[in-house]
Each structure stands twice: as C-alpha cells, then as structure tokens.
Amino acid sequence: MAAITLTTDYGSADGYVGEVKGVLATRAPGAALIDVAHEVARGDVRGAAWNLRRIWTRFPVGTIHLAIVDPGVGGERLAIVARSADRWFVGPDNGLITLVDRAHPVREARRIRPESGERPLSDTFHGRDVFAPAAAHLAAGKSPDEIGPSVEPSRLERLDIPEPERDGPLLRGHVLHVDRFGNLITTVPNDWLPVAAEAEIAGVRIPGVSASYDAVEPGHLLLTRGSGGTLEISVRDGRASERLGVHRDAEIVVRPAGPES
Amino acid sequence: MAAITLTTDYGSADGYVGEVKGVLATRAPGAALIDVAHEVARGDVRGAAWNLRRIWTRFPVGTIHLAIVDPGVGGERLAIVARSADRWFVGPDNGLITLVDRAHPVREARRIRPESGERPLSDTFHGRDVFAPAAAHLAAGKSPDEIGPSVEPSRLERLDIPEPERDGPLLRGHVLHVDRFGNLITTVPNDWLPVAAEAEIAGVRIPGVSASYDAVEPGHLLLTRGSGGTLEISVRDGRASERLGVHRDAEIVVRPAGPES
Amino acid sequence: MAAITLTTDYGSADGYVGEVKGVLATRAPGAALIDVAHEVARGDVRGAAWNLRRIWTRFPVGTIHLAIVDPGVGGERLAIVARSADRWFVGPDNGLITLVDRAHPVREARRIRPESGERPLSDTFHGRDVFAPAAAHLAAGKSPDEIGPSVEPSRLERLDIPEPERDGPLLRGHVLHVDRFGNLITTVPNDWLPVAAEAEIAGVRIPGVSASYDAVEPGHLLLTRGSGGTLEISVRDGRASERLGVHRDAEIVVRPAGPES
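Residue numbers (the working numbering), protein chains in the order written: chain A, 1 to 261; chain B, 1 to 261; chain C, 1 to 261.
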C-alpha cells in the first residue's frame, strides 16, 4: 500500500487534520499517513508549492502527496489529481503543482468527481470530503480512471514565479521562499554559480559562498549552496529576512567575485 | 490492530508527546499512532471536546481516541475509558466526551485502575502513566473488563454548553469554537436554516448564506453552512473573531431573510 | 522493523521534516516514523538533549532516535550513531546525547561515513543527507559496522550541565528546562527530597510538595515531584517561569521544612 503525505495550512490546534486522517484511515486502511507540514501560512499556495517541490522525489515511486491549501474552496477551481515522476498530487488546481511541474512535468491529470467523496459534501472542507477520498482511492491501488475525466496537463493552473536569468556574467534571480529560520531561498541554481561568487540583495553585498554556517561569525550574513539546489542567504544564528528587511520575490544579483573582493 | 489517535495540549517543543508514544509503541506494538492535534490551548477541555466531536466517527469502528487535556491531573477527577459509536475514548473524566456523547451516546464506561499503568506512577503525567497504557490495552484487543470497574455513563462529567433553540422564526445559538482561521463555529444546525437566512452577532447583521469564501469580496463577512454541521461566520482572507471582537459563547440570532434584505 | 523517532528544530511550516521522512520511507520501507517534537527552539541542543532523556527508554529496545538540532552543520562536528540501553541515537556529535548518557551510558558509537548518504551531499542539510540514511540503515537491521569507524564513547561531546549537590541538609540544583507550560524542571531528584520540603528560587520561598496542581489556588506557585524524576516548580493555570522571572540554569535550594513552616 502506498504512503500518503499531508501538507496543509490547517494547523495543529483544531481537529481538521484529524478529520482528513480519519477519512484516509477508513478508506485506505493500512496506508501510512506521513505528516509533512501543517503550519503552512493560511492560504499560502506558493509556500506549499515550494514544500512539494522539496519533498516530491524524496519519497518512493507511487507515493500520494495530499496538499491542501485551498483558499478558493467551494468556488470555481477544479479538484484534481496529477501524476509527475510517478508520484501523485491530490489537491486543488490552484498552482500547488507549479514547481514540481517545472522539475518533473505532469504527465497525467484528472478532475475529481465529487460524487465519490464524503457525504454530505461540505462547501468549505474539500480536504476531507473530496481530496482525502481521492488520495485514499489511489493509495488503495485503484485506477485513476475512476477518479474522473482527464485534464490536459498544460491547462492546469500555474503560479507566476519568475525563472532565474543569465545576463552576461551576472545571474539574476529572486527570493523564492523565506523559511522558519529566516533563510532566504533564491531561484539561482547552485550549479550556475561561478567558483568565486558574491551577491547583492537589498543594497547589501555578501561576499563568497560558505560551506557551513560557522564559516562566519555569529550574526553575520553568508551565502550557501542551498540544500534544495539553489543559492541561499542566511545569518548565522540569526534571520536573514529581518537583517535585510527582505521578503519573498526580492531581487538578487550574483556576480563573479573579483580578486580584490 | 486498532489505530490510536492523539489529541493533547502538550505542544511540539517538549518530549511529552514522545513519552506517550513510547508507552504506546511498547505496549501495543504495531498499532498506528495518528496525531490529531497537539496545540490545543493549555487546559482547554472544551476545545478538545470540539475536536473529538469532529473526528469521532471519521475513523473506523474500533479506533481508540486518546485525548489528554487534563488540568486536574493528580486530583479527584476519574481516569476513564468510554465507548461511543463503537470507538473508544481514553482520558480524564472532565467533560472531554461531552459533545461526542450528545451526538452518539456513551454506551459503556470504565474507571482505569492505575495499577496497570507505568511505574513509578507520576502525580502530574497521567497521559503517559495511566491513559496511554489503557489505550494500548484496548488497541491490543484486550478486554475492557480488565481496565477497571464500570461507571454509569450518566455519571460522567459533562461540560455546560448551551443547546441551540428555536424561538418562533428565530434561531438562537452560541459560538461553540473559534478556529485557527478565526472562523466562528456556532451551535446552530445547518439543517435548521431557512432557505434565505441572515444572522446577527455582536450587533452586526450578516446577510445570506454563501457556498464559498469567494462569494464575497476579500475582507468581508459571510455565513457558511459549516463542515461540522453547524452555521459558521467567516471573513474572506481574514479573521471573523477579530473583526467582530467576538469570543466563544457569544450569542447569535438567525432569522429568515426578508425579500428586501 | 524498528521504529524511528524524530526530534528536530525544523518546525511544521517548511518541507524539511518531509524531506527527512522521504529519505527514511525510501531507504527503510515499512519502518514506523514517529514524530516526537519539531518545535524545539532553533539550535537548542540542550532542550533536545532533555527531550531525548525523557523519551529514551519509553520506546522499545531497538528503537532509533533520530535527533537533528545541528547549528554546526557542515562544520567540524562529527556525525554519529551511538548506542545506549539498546536504543540508537543518530545525529550530530554536539552534546545531544549528554543526559541520556548520564542515565544510560553510551556503549558504542560510530562516525557516519557520508559516502553512504544522499547525493549530492548538501552543506547545510545533513538531517536529510547524512543522518536519515544512517537511521534507515539501522532500522533496516543492517550492521552498525558498515556505518563507519568506531568512536570511543568517552570522546563524544557532552554539554556542561551541573549535577545536583547535597550540602548537609540542603539540596542545591538548577533549572534544567522550562517547558511549554512555563514549568521549571530542576535537576534535584525526587528521591532526594525529605518528607517535608520547601524550596527557594529567585528569592521566593515555596512551601511543601503537592501531589496535584489543584492542591493550591489558581495562580499560586507549587512544587511537585516531577514526572521526569526531578523536582518541578509550577504555577496552577499559570507560568512559573514568568511569575519568578526565571530562566534555564537558575539556582534552586531545597531544605527540610521546619514544623513552623
């Protein structure tokens, strides 16, 4: 039986995560339920999209990634399942799959027929009533065909997240995510970095790329080759986001470090 | 082997949840341990009672719901197991079972003999020493008779939560719970609502019942048929609790909406 | 298959815990993954050391305790596995094992060869790339010999945490941990306490040891025989840490209570 991962903005104070798990445990008995994150900021589709990109292929082929950050619940957005790199996404069609799809294109998608979900179908809790039943269906090894009609993968919603660019010797990117530690995860790929690099963000120059946080003094800024494959900006024992006053989407420029730098 | 769900106010910074799980893993090897919520507000029995009501029958028959919000630990309150709708509650007898019992009356209850728990028995951590062993006992399929003497279900503690009332064409209820999103979950059943309804709470009139949050503009108040079976008040992309300055137990009146509303 | 417990400071907003679990699920399919705590304060090695001490032997023999609070990641600190009381620790060699080792001495330790971890090996996320693969290796029942060369247990890092002392009739200790509830967990063993005891901390005298929180009025200070085996200071329905303005490492003195006290 395939495992089901859970990524939501439901928090850990209310019973909502429990209701979703109850549906999964009832409909897919024996499936491992693996909590990824339940403190995604409310309605933060992009933060959850980043989470999915991080975890997607760390799990075995066949894993079902249930992701419910769904501010448009009950409205026009579709409920979908989508297959990428032989793992399944189940959730709302609001762009959650954007970053996974860039790395591993979606090969198949289906619109979920709500008829096979929980009864009565609520207006505001499709995580429980629509997505959990579809995830359980897949985890139990049943055919995706029964979930609903095909959707052309190119027609799925995507978030508008700028790609990094090369501009002569310069690399131009953006802050993709600010994590719990205040680290700034950028869109600049590690493997684009020159041997000696420096970065500029929010008017501040950060020299060199460090191999560990303790390469600088506590409280100092540093660059690292991030564990997600892109450049990160950190403050040792501190928060780069606060130090620089920088939020998601801030611009960053990376250039080769001169010999005098 | 039955699954065990966990609902506590232990948080996720200290090892307390881990100690409880260690006892469960030792005494009921193979039982699935399913986290529901660990950020219930400290000592908030009523919040946890609401959580239990939400999850109770979403899980399969035989599930053990371990719920530990226990401000009276070490005092006079009983330690109990209670059966309702063929699922088991394990926890303190302080009213946690109140809302479950209203929906699915408790059919059997037993007082837990502490002798079969962890040694030494602590004064202040019965979650680990008393409740987890009893939950493991049930999950392992052993007889409830061995847990301890019967308690008459009618003698269990209940919280004093007012029932909704019909007053001619008016429906009178209260705020039962304020969730993570600032939604106000009321006691007014969805199926009592007239076809066209409006509500008044804290001196504010809210017209109509919406089928999705995006039926109103961001920042606006709306009513929804709540996913727990009762009317809810929300602010799209905001917090109704803060907008209205309303807490648990606030009164709400629902009336049929006139043609001019 | 042995269970793997997880104690981290990764939080529940980002996908980091999910990446670790993905590696575990891929490399040790079928191993139970048991969340202990993910909201350990950032870089708080000592808080996590206390968590480990609490949970260590509550889990069955063979359990793998994966603990990742790793401010020195990428630097000089070793990556280790260590065996104590027939359970395994996997994590950085930064003192996380200190309190476990005092209670149950480490009998075997090995340095983890990073070659057997995830590829590419990141500079800053050894939880995923180094520790999770080693934990999965052990959970799958493979030989510790293959993990890497032996390390003499006496050479592992230990935190400098003062031991409690007897000074004639006086017991001198410190605050070891402040928990989510503001309880002050001290280093003074319960079984050192005289039949009638009183404590002094931050210039405040607290008389008597209570068997439950409701032995005092709400808002009052009290002493309890703590569930971790040492004296605790609490405020009923309040926070002792704030009431006393006391932090970790504050001194406490316990003396026999005189007949007039």
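The beta carbon of each residue, even a glycine, is placed where N, CA and C say it ideally should be.
In or out: residue i buried (at least 16 other Cβ within 10 Å) or exposed?
{"i": "B:LYS21", "result": "buried"}
{"i": "A:VAL209", "result": "buried"}
{"i": "A:PRO71", "result": "buried"}
{"i": "A:LEU170", "result": "exposed"}
{"i": "B:VAL73", "result": "buried"}
{"i": "B:ALA103", "result": "exposed"}
{"i": "A:LEU244", "result": "buried"}
{"i": "B:SER84", "result": "buried"}
{"i": "B:ARG155", "result": "exposed"}
{"i": "A:PRO149", "result": "exposed"}
{"i": "B:LEU223", "result": "buried"}
{"i": "A:ASP129", "result": "buried"}
{"i": "C:TYR221", "result": "As written in the sequence, residue 221 of chain C is Leu, which differs from the Tyr given in the question. Answer is buried; the Cβ neighbour count reaches 16."}
{"i": "C:HIS177", "result": "buried"}
{"i": "C:GLU163", "result": "exposed"}
{"i": "B:PRO133", "result": "buried"}
{"i": "C:HIS247", "result": "exposed"}
{"i": "B:LEU52", "result": "buried"}
{"i": "C:SER343", "result": "Because chain C in this structure spans residues 1 to 261, residue 343 of chain C falls outside the shown range and cannot be described."}
Could you check where the beta strand (DSSP E) with residue i kicks off and where it finishes?
{"i": "C:TRP88", "result": "87-92"}
{"i": "C:LEU199", "result": "In the sequence on display, residue 199 of chain C carries Ala and not Leu. Element bounds for C:ALA199: 197-201."}
{"i": "B:ARG205", "result": "204-207"}
{"i": "C:THR224", "result": "221-225"}
Considering just the uninterrupted stretch of the alpha helix (DSSP H) at residue i, what are its terminal residues?
{"i": "B:PRO133", "result": "132-139"}
{"i": "A:THR230", "result": "Run containing A:THR230: none in the alpha helix (DSSP H); it sits in the beta strand (DSSP E), 230-235."}
{"i": "C:PRO48", "result": "Per the sequence shown, residue 48 of chain C should be read as Ala rather than Pro. From DSSP, the alpha helix (DSSP H) with C:ALA48 extends over 45-55."}
{"i": "B:GLU99", "result": "Sequence check: residue 99 of chain B is Leu here, not Glu. From DSSP, the alpha helix (DSSP H) with B:LEU99 extends over 98-103."}
{"i": "B:VAL20", "result": "16-27"}
Measure the C-alpha to C-alpha separation of residue i and residue j and round it to an integer number of angstroms.
{"i": "C:VAL151", "j": "C:GLU157", "result": "11 Å"}
{"i": "B:PRO120", "j": "B:LEU138", "result": "22 Å"}
{"i": "B:THR26", "j": "C:LEU24", "result": "21 Å"}
{"i": "A:GLY11", "j": "C:LEU193", "result": "41 Å"}
{"i": "A:SER261", "j": "A:ARG166", "result": "Per-residue confidence for A:SER261 stands at a pLDDT of 43, beneath the threshold of 50, marking its modelled position as unreliable; no derived number is given."}
{"i": "B:ARG107", "j": "C:ALA109", "result": "53 Å"}
{"i": "A:PRO29", "j": "C:GLY228", "result": "36 Å"}
{"i": "A:VAL175", "j": "A:LEU6", "result": "25 Å"}
{"i": "C:THR230", "j": "C:GLY173", "result": "10 Å"}
{"i": "A:ALA32", "j": "A:VAL61", "result": "14 Å"}
{"i": "B:LEU99", "j": "B:HIS38", "result": "19 Å"}
{"i": "B:THR8", "j": "A:GLY15", "result": "11 Å"}
{"i": "C:ARG77", "j": "B:GLY127", "result": "37 Å"}
{"i": "A:TRP88", "j": "C:GLY141", "result": "30 Å"}
{"i": "A:ARG239", "j": "C:SER122", "result": "20 Å"}
{"i": "A:VAL216", "j": "C:ILE4", "result": "34 Å"}
May I ask you to list the residues that DSSP assigns as paired with residue i?
{"i": "B:HIS174", "result": "B:GLU251"}
{"i": "C:ASP167", "result": "C:LEU170"}
{"i": "C:ASP35", "result": "C:LEU6"}
{"i": "A:ALA67", "result": "A:THR7"}
{"i": "A:ARG111", "result": "A:ILE80"}
{"i": "C:SER150", "result": "C:ARG110"}
{"i": "C:PRO189", "result": "C:THR230"}
{"i": "A:GLY238", "result": "A:VAL235"}
{"i": "C:LEU184", "result": "C:VAL178, C:ILE233"}
{"i": "A:SER210", "result": "A:THR224"}
{"i": "B:PRO162", "result": "According to DSSP, B:PRO162 bridges with nothing at all."}
Just to check my reading of the structure: residue i and residue j have Cβ atoms closer than 8 Å, yes? What is that Cβ distance to the nearest angstrom?
{"i": "A:ALA13", "j": "B:VAL40", "result": "6 Å"}
{"i": "A:ARG236", "j": "A:PRO218", "result": "5 Å"}
{"i": "A:ALA196", "j": "A:ALA136", "result": "Actually they do not touch by this definition, with Cβ atoms about 52 Å apart."}
{"i": "B:GLU251", "j": "B:ASN183", "result": "17 Å between Cβ atoms; not a contact."}
{"i": "C:GLY91", "j": "C:ILE68", "result": "6 Å"}
{"i": "B:VAL81", "j": "B:ILE55", "result": "About 17 Å separates the two Cβ atoms, so there is no contact after all."}
{"i": "B:GLY226", "j": "B:ASN190", "result": "7 Å"}
{"i": "A:ARG58", "j": "C:GLU19", "result": "5 Å"}
{"i": "B:PHE125", "j": "A:ARG42", "result": "Not quite, the Cβ-Cβ distance comes to about 33 Å (not below 8 Å), so this is no contact."}
Any beta carbon from chain E within less than 8 Å of residue i's own beta carbon?
{"i": "B:ASP214", "result": "Looking at the structure shown, chain E is missing, and the protein chains on hand are A, B and C."}
Nearer than 7 Å: is that true of the beta carbon of residue i relative to any heavy atom of the ligand HEM?
{"i": "B:LEU184", "result": "The model on display carries no ligand, and the ligand HEM is accordingly not part of it."}
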